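See below for the structure under consideration.
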Amino acid sequence: MQRSYLLSIDFKVTSITDWAAQLKINPLYAILSGFEVENTPGVGTFYDFFNRLWDSEDNNLSPGIHPVKAKVKKPQSKGAKAASVEKVIVGQLITQLDHTTFIPEQQPYHSLLQIYKKQFLDVSVSKGLINADSLSVAGDGTPVVTSHRMRSNRICCCHKNGISKCSCDRYFSPPDCDIGWDSSRDCWYHGYDLYMLVASDSESDLPVFPLLNPASKHDSHGFLETFFRMKSFLPDFIVTKLLLDSAHDAMPIYEYCKQENITPFIDLNEKRGIKVKYKNDFTIGKDGVPANIPALIQNMAEQCILLGRTIQD
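Residue numbers for the sequence shown follow numbering that gives the first Met the number 0, beginning at 0 and rising by one.
Next up, the structure:
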């Protein structure tokens, strides 16, 4: 079933009903899926397979009834990421997650991640594509749109009493999604934020650990939620380097990396108060990337000449 579903994605057939029909019409699809030509599964069999991937009787992680979340504010500049609306700061979240035990078998997505680990991640490690003993990890969030607008229903009587705006709890569907800001397209969207940790030193940035968060989740928080769960699900993977963008430029992250012997490479965020001048030999540009590198190299070359060495030495 897994092979057949991945095959439908490869052939860009997004409807399970259409794919089940194609399996009966096209013998090649049935053979590539591993089915007998005269005995291909129906629509219900596919959905039964999907249900077995979710280890919970509840369809969602969050309850359907909850308070209205604060909406992220539109950034002032084009291409900028929205400010965090989280009630917990980065330092508090690190402490909280560091003292939380995530038992993989108790997570509803355990079976799904086990399939991913055995069929994809372990294969990459066995072929030497990913070095699990010294992992260089890069992380970033990606918008996942689920609908054009947020759906919620009032469950209170405020509207009947003439109160148009209230802070009462509402019923949301689906409850795990909310509204976020897509900085690459400069627009609002409703859905998830897929935070993906990848092996930055692999040839094609192979995925290591994914996690879906609400769309409003700031990247700094999304990274921590994903990273600490990865440590529980993949205890044998040792992270030695971190590559992150300026949204992750927070001192508690640096302090945690120092504590865990992880070398961080994080773009500096000018909004955090970092001045352009960094040291005497080079400066930091607006994008957080070191500038004046040629001058730095020339300075190193002059020092090497005085010492009677070359830069390669």
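Note that CB positions come from ideal geometry on N, CA and C, so glycine has one too. No experiment lies behind these values; they were computed from the predicted model shown.
- Taking D244 as reference, the option from K116, G140, W18 with the minimal CA-CA separation is G140.
- Going by DSSP, H217 is part of no alpha helix (DSSP H) at all; its letter is neither H nor E.
- Within the model, the alpha-carbon separation for V89 versus D248 is close to 10 Å.
- Annotated three-state conformation of Y108 is coil, per DSSP.
- With distances taken between CA atoms, V136 lies nearest to F208 out of P62, F208, G63, D57.
- Between D132 and I237, the C-beta spacing is below 8 Å.
- Distance between D121 and W180, taken at the CA atoms: about 34 Å.
- Counting only runs of at least 4 residues, the segment 24-76 fully encloses the following alpha helix (DSSP H) elements, listed from N- to C-terminal order: 26-32, 42-51.
- DSSP places F208 in the strand class (E or B) of the three-state scheme.
- A direct Cα-Cα distance of roughly 45 Å separates K68 from Y28.
- In this structure, DSSP gives K164 a state outside helix and strand, which the three-state scheme calls coil.
- In this structure, the straight-line span from the alpha carbon of I162 to that of R153 is close to 12 Å.
- Y46 has its alpha-carbon roughly 27 Å from the corresponding atom of T225.
- The Cβ atoms of P66 and S166 sit closer than 8 Å to each other.
- Taking 8 Å as the cut-off, the beta carbon of T145 is found closer than this to the beta carbon of C176.
- Check the Cα spacing between D17 and each of G33, G43, K126: the tightest is with G43.
- The residue from S123, V143, I64 with its alpha-carbon nearest to that of I178 is V143.
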